[in-house]
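Each remark here refers to the structure printed beneath this line.
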Amino acid sequence: MLAEFVHLRVHSAYSLAEGAIRIPEMISICKQQKMPAIAITDSSNLFGALEFALEAAKGGIQPIIGCQVSINNKDLETKSQSLINKSFKQNILPTPSQLVLLVQSEVGYRNLLHLVSYSYASTDPLYRAQLSLEELKGHTEGLIALSGGISGELARLIKNGQNDGAQDYCDRLISLFPNRLYIELQRHGLDDELFVEEALVNLAYTNKLPLVATNE
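Under our numbering, the first residue of the sequence shown carries the number 41, and numbering increases by one thereafter.
Here you go:
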């Protein structure tokens, strides 16, 4: 039978200050709740991937390995670009947006390993490891992308009234993840989520993209 809901955005204890659940406990809950699969998407790291795969296999749960990566705005051109450029000249990185990457194949796993490793190697250690969209090029095969929910760049642009910018950004994501991009909706009772939801749905319909509901 198809599952009614599969969690695609789980932060384990390997997401410092964000997640508390340990992987064996996570798999135990999946078995109790008869969840056939679950994704682990720790922030900017794959520290739990091996333990997760082994524990899930022992518990008869389908493991979906992923990562919530931080995407910076270095190569974006929006109405707020002058402010962003000013921040970079001062060596102050603006707050990055989120993008969730899920492994679809062995090639995808190797690409995710590369991207996460590169994000640490290329980012000033004072900041959270992050990537630009340009740096994703050539390393997206075998990866499924979720648009990031309320913390994704699409939602941020819509919230700031930059719908044209959201379409341009969506076009770039589509080119990076052809037939592997999902518009992510979330409902945690936040006003911003309600504000951007209709525009995100319209963006999905306009671009013939599937929708996915997640919990952070």
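Just so it is clear, CB atoms sit at the ideal spot from N, CA and C, and this is done for glycine as well.
With 16 as the cutoff for other CB atoms within 10 Å, does residue i come out buried or exposed?
i	result
Arg227	exposed
Gly188	buried
Ala97	exposed
Ala57	exposed
Leu234	exposed
Asp82	buried
Pro136	buried
Tyr222	buried
Ala195	buried
Gly229	exposed
Tyr160	exposed
Ser215	exposed
Glu224	buried
Tyr209	buried
Gly100	exposed
Glu193	buried
Gln73	exposed
Reducing DSSP to helix, strand and coil, say where residue i ends up.
i	result
Pro218	coil
Ala253	strand
Ser261	With the chain covering only 41 through 256, there is no way to say anything about residue 261.
Glu224	strand
Pro134	coil
Pro103	strand
Val241	helix
Val46	coil
Leu94	helix
Ser68	helix
Leu139	strand
Ala77	strand
Lys248	coil
Ile124	Residue placement at Ile124 is flagged as unreliable, the pLDDT there being 47, under the threshold of 50; a coordinate-derived value is accordingly withheld.
Contact defined as beta carbons within less than 8 Å: I believe residue i pairs with residue j. What is the distance between those atoms, to the nearest angstrom?
i	j	result
Gln170	Thr180	Between Thr180 and Gln170 the Cβ distance is about 16 Å, and since that is not below 8 Å, they are no contact.
Ile80	Ile105	6 Å
Gly178	Val147	With a Cβ gap of about 12 Å, Gly178 and Val147 do not count as contacting.
Leu142	Ile111	Going by Cβ atoms, the distance from Leu142 to Ile111 rounds to 15 Å, so no, they are not a contact pair.
Ile63	Ser52	6 Å
Query raised in the report: For the 8 Å Cβ check, are there 3 or more pairs between the segment 144-152 and the segment 197-204?
Result: no
Query raised in the report: What are the complete alpha helix (DSSP H) segments, minimum 4 residues, inside the segment 149-217?
Result: 173-176, 193-199 and 203-216
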